[in-house]
Each structure stands twice: as structure tokens, then as C-alpha cells.
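**Student:** Taking UniProt numbering, the leading residue of the sequence shown gets 1, the next gets one more, and so forth.
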Amino acid sequence: MSSTIIIYQDVENNIRTEVELENETVWLSQAQLVDLFKKSKQNISLHIRNIFNEGELDENSVVKESLTTAADGKEYKTKYYNLDVIISVGYRIKSKQGTRFRIWANKVLKEYLVKGYALDNSRLQKQNYQLQELKKTIALFQQTQSRILSQSEATGLLNVLTDYAHSFILLNQYDTGNFPEGGLNQNITVEISLPEAMKAITELRQKLMEKNEATF
């Protein structure tokens, strides 16, 4: 799941805060926890410290740092805590607000996970269909290439289609995280690292999308 911002609002308790959804959980800063639970910064900080000191949660797994821009325009590192920490703090201070937030967060996460799966599944099915249709077209031209080889237009079209198929397959492997590291041509004159290749593919993808030659 990519990062998404949604609004959590509790009119009864005058709470309205931006909640970040990322990596299949929600994240709040310490300042947001103070607002959510209506406790002091020192009190929230104490509970968080005890949660980690007592080994209830692994700090490295439930905390992340992000750069935020303050009112003075300067950027500062801010710690964000995931739903596990939020729930633990809520239990420790016996907060009904913590229970309400947990119910809301679980509902939102479920909706986003289902929606994300549906979108990803639909996108993959569409790409699969396009790839199969493209392969059929190439196969048809390859079958007739020997008969119409003298026609430069047909040969040129075949080359374009073949190149497009290779690009499509490469981008599809990149999208699905199956980009191959091995199987390279041994007769190479220039070497390129995997990170450089990934960067080049990203740039190619952006150019194709700008030209409306790709929609994925």
C-alpha cells in the first residue's frame, strides 16, 4: 500500500486529525497522540517509552521517521507510531477514544486493502490480456514474414511490434517486482548495474505515459 492521507474526525470530542496510511497500517505522530487521547506530551512519551522498555513492542518495527516542514519553513525529523503503538497507549491510559480510533482504523484498513487488491488484480488482468493479444499479433506476423519479407513496411512493422513486446514485458516484470538479474547477453560492451537499469526503466515508463503510449 502506498502512502495515503485520510481524515479521522470525532465531533463529540472535538478531534480532527490527518492520518497516514502506509504499509498496511496507520501512523500518528506524538503530537497527534496527545490530541487524540487528550493527555500531556510527557504522559504520552512516558507510555511509549515503557512500551518499548518492557518489550511489549519492537521499536524498530513500529516507529518510522519522516521529514516534516514546520511553520518557519524548516524541515524536521518527526517520529510516527503505527496502530500497534496507538492501541497499546490507549490500553495503558484506559481511553475509550483509543477504542473508537482502533475500530475506525481497522475498518479503514480493511476497506483500503480490499480496494487495493481489487485494483491491483484488475490492472494485472488488463496487462495480461494486452500482452497475450500482442503475442498473438507478433506470432501472426512471424508466420507470414518469409512470404512478405520483401515488403519493407511489413518488416519494419514487425520490428516495431517486437521491440514493443520486449518493452512491455520488461515494464511488466518491473511493475510486478520480477525484474530479472540474470540471463544477460554475454557479448556485452557496456555494463549497467541493476539500480541503473531500474532507473532507466522508470524513465522509459514515464516517457511512454507522457506520450499516451502506456497506461500502466
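Glycine residues also receive a C-beta, built at the ideal position from the N, C-alpha and C atoms.
In this text, all values refer to a predicted model and were calculated from it rather than measured experimentally.
(1) Exposed or buried, which one is Trp90 when buried takes at least 16 other CB atoms within 10 Å?
(2) Please state the DSSP three-state secondary structure of Ile148.
(3) Tell whether a beta-carbon distance below 8 Å holds between Glu65 and Lys77.
(4) Pull up the distance between the alpha-carbon of Ile87 and that of Gln132, whole angstroms please.
(5) Nearest CA to the CA of Glu12: which residue from Leu46, Arg100, Leu21?
(6) State the Cα-Cα distance for the pair Ala105 and Val34, rounded to the nearest angstrom.
(7) Identify, in the order they occur along the chain, each residue of the same chain with its Cβ nearer than 7 Å to the Cβ of Ser95, setting aside the five sequence neighbours on each side.
(8) Short of 6 Å in beta carbon distance, which residues of its chain neighbour Val19, apart from the five on each side in sequence? Order them along the chain.
(9) Kindly list the residues whose CB is nearer than 8 Å to the CB of Ser3, restricted to its own chain and excluding five residues on each side of it in sequence; keep chain order.
(10) What span of residues does the alpha helix (DSSP H) with Asp58 cover, start to end?
(11) So Ile44 and Gln30 are supposed to be a Cβ contact under 8 Å. How far apart are they, rounded?
(12) To the nearest angstrom, how far is it from the Cα of Ala71 to the Cα of Asn128?
(13) Could you check whether Arg92 and His47 sit closer than 8 Å to each other, using their CB atoms as the reference points?
(14) How would you write the range of the alpha helix (DSSP H) that Asn82 sits in, first residue to last?
(15) Enumerate, from N- to C-terminal direction, the unbroken beta strand (DSSP E) stretches of 3 or more residues contained entirely within the region 21–62.
(16) Quick check on Glu12: does DSSP put it in helix, strand or coil?
(17) So, is Leu83 buried or exposed, given that buried needs 16 or more other C-beta atoms within 10 angstroms?
(18) Going by other Cβ atoms of all chains shown within 10 Å of its Cβ, with 16 needed for buried, is residue 217 buried or exposed?
(19) Do Leu28 and Tyr80 have their CB atoms nearer than 8 Å?
**Tutor:** So, from the listed chains and residues:
(1) The count along the sequence shown starts at 1 and reaches residue 90 at position 90. Correcting the residue identity first, residue 90 is Gly in this sequence and not Trp. It counts as buried.
(2) Position 148 of the sequence shown, counted from the start, is the residue given in the question as residue 148. For Ile148, the pLDDT reaches just 48, beneath the cut-off of 50, and the residue's location in the model is therefore unreliable, leaving the point undetermined.
(3) Position 65 of the sequence shown, counted from the first residue, corresponds to residue 65. Position 77 of the sequence shown, counted from the first residue, corresponds to residue 77. Yes, they are a contact pair.
(4) For the purposes of this step, residue 87 is taken as residue 87 along the sequence shown, with counting starting at 1. For the purposes of this step, residue 132 is taken as residue 132 along the sequence shown, with counting starting at 1. Between Ile87 and Gln132, the C-alpha separation is close to 47 Å.
(5) In the sequence shown, residue 12 corresponds to position 12, counting from 1. Closest option to Glu12, Cα to Cα, is Arg100.
(6) Here residue 105 refers to the residue found at position 105 when the sequence shown is read from its first residue. Here residue 34 refers to the residue found at position 34 when the sequence shown is read from its first residue. So the alpha carbons of these two residues sit roughly 17 Å apart.
(7) Reading the sequence shown from its first residue, position 95 is the one you call residue 95. Around Ser95: Phe37.
(8) By one-based count along the sequence shown, residue 19 stands at place 19. Ile6, Tyr8, Val26.
(9) Stepping through the sequence shown from its first residue, residue 3 is reached at position 3. Around Ser3: Glu20, Leu21, Glu22.
(10) Taking the first residue of the sequence shown as 1, we reach residue 58 at position 58. Looking at the DSSP string, Asp58 is not in any alpha helix (DSSP H), and its letter there is neither H nor E.
(11) The count along the sequence shown starts at 1 and reaches residue 44 at position 44. The count along the sequence shown starts at 1 and reaches residue 30 at position 30. About 6 Å; that satisfies the 8 Å criterion.
(12) For this step, residue 71 is matched to residue 71 along the sequence shown. For this step, residue 128 is matched to residue 128 along the sequence shown. Taking the straight line from one Cα to the other gives about 48 Å.
(13) The residue you call residue 47 lines up with position 47 of the sequence shown. The residue you call residue 92 lines up with position 92 of the sequence shown. Result yes, Cβ atoms of His47 and Arg92 sit closer than 8 Å.
(14) Indexing the sequence shown from 1 puts residue 82 at position 82. Segment 75–82 is the beta strand (DSSP E) holding Asn82; no alpha helix (DSSP H) there.
(15) 25–29
(16) Position 12 of the sequence shown, counted from the first residue, corresponds to residue 12. Of the three classes helix, strand and coil, the one that applies to Glu12 here is coil, per DSSP.
(17) Translated into positions along the sequence shown, residue 83 becomes position 83. Buried, by the Cβ-count rule.
(18) The requested residue 217 does not occur in the structure, where the chain is confined to residues 1 to 216.
(19) The count along the sequence shown starts at 1 and reaches residue 28 at position 28. The count along the sequence shown starts at 1 and reaches residue 80 at position 80. Yes, the Cβ-Cβ distance between Leu28 and Tyr80 is below 8 Å.
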